[in-house]
Amino acid sequence: MSINRVLLSGNLTRDPELRATAGGTPVLSIGLAVNDRRRNAQTGEWEDYPNFVDCSMFGTRAEAVSKHMQKGDKIAIEGKLRFTQWEKEGQHRTKLEVIVEDIEFMAQRRDQ
47 MSINRVLLSG NLTRDPELRA TAGGTPVLSI GLAVNDRRRN AQTGEWEDYP
97 NFVDCSMFGT RAEAVSKHMQ KGDKIAIEGK LRFTQWEKEG QHRTKLEVIV
147 EDIEFMAQRR DQ
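All you need for our numbering is the position in the sequence shown, starting with 1, plus 46.
As structure tokens, then:
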């Protein structure tokens with residue numbers, strides 16, 4: 047048995063992109079910046095180091111939540127990792143992303 051669970055919270059790096067599969071299933075693509083806090087060895091100060099994570103959500107719920115998100119919003123997600131491989135223009139490509147199963151809105155970006 048193996049466990050494939052991911053829990054993340056962070057800020058959207060771009061506006062959500064909604065599209066549909068060839069079969070018509072809605073697919074929501076988002077980018078999430080998740081900070082890793084570390085002490086700078088030279089200054090002794092704590093600093094944030096962002097990790098950028100690609101995420102996808104499928105189905106009617108993906109379509110519904112896409113209307114309530116924009117770049118900069120803070121969200122929390124729960125899901126699983128998926129590794130994908132494909133060929134594009136003769137090049138072998140790979141991608142590790144989070145397939146979102148649950149999402150929570152934590153704070154909206156405030157424009158100033």
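Glycine residues also receive a C-beta, built at the ideal position from the N, C-alpha and C atoms.
Only a predicted model underlies this, so the values are computations on that prediction, with no experimental measurement involved.
Excluding the 5 residues preceding and the 5 following residue 148 in the sequence, name in chain order all residues of the same chain whose CB lies nearer than 8 Å to its CB. Cβ within range, chain order: 123, 124 and 125.
Let's see if you can read the secondary structure: which residues bound the beta strand (DSSP E) around residue 93? Where residue 93 is concerned, the enclosing beta strand (DSSP E) stretches over 92-104.
By the 10 Å Cβ neighbour count, where 16 or more other Cβ atoms means buried, how is residue 96 classified, buried or exposed? Counting Cβ neighbours within 10 Å, residue 96 comes out exposed, since fewer than 16 surround it.
Inspect the beta-carbon positions of residue 152 and residue 117 and report whether they are closer than 7 Å. The Cβ atoms of residue 152 and residue 117 lie no closer than 7 Å to each other.
Give me the Cα-Cα distance between residue 158 and residue 135, rounded to the nearest whole angstrom. Residue placement at residue 158 cannot be trusted, given a pLDDT of 42 that sits under 50; the coordinates are not used to answer.
For a test of the three-state rule: what should DSSP assign to residue 68, helix, strand or coil? Collapsing the DSSP output to three states places residue 68 in coil.
From residue 105 to residue 89, what does the alpha carbon distance come to, in whole angstroms? Residue 105 and residue 89 have their C-alpha atoms some 47 Å from each other.
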